[in-house]
Amino acid sequence: MEQRQQEERETAAQEFQAALDELETMLQGNPIPEQTTSGLSNGSLSDAQLKAEEEDLAAIDLEAFEDAVADIEKYLAERIK
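Oh and the sequence shown: position 81 is 81 in full-length UniProt numbering, straight run, nothing missing.
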């Protein structure tokens, strides 16, 4: 039973670290690699398209942040048990 608990703790720790790394990347303002290939660099987008693209990126960042918070909450809940 202790081995199973240790494995669960290691898995939770890895998930937590991944969430922290993702959060750190977002807070430092570094773009996520998928976002850098969004087509903004070709210069042919209109203002409306640029605004829509920015809104999409903001939604992605918010989703990633919410995922990171959920992972942290899960980690803390498991740690309290």
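A virtual CB, placed ideally from N, CA and C, is assigned to each residue, including glycine.
When Q14, A19 and E78 are compared against V69, the one with the closest alpha-carbon: Comparing Cα-Cα distances from V69 to each of Q14, A19 and E78, the minimum goes to A19.
Chain-order list of residues whose beta-carbon lies under 6 Å from that of R79 (same chain, five-residue window excluded): Nothing listed; no residue qualifies.
Cα-Cα separation, E53 to E24: Each residue's Cα considered, the two are about 23 Å apart.
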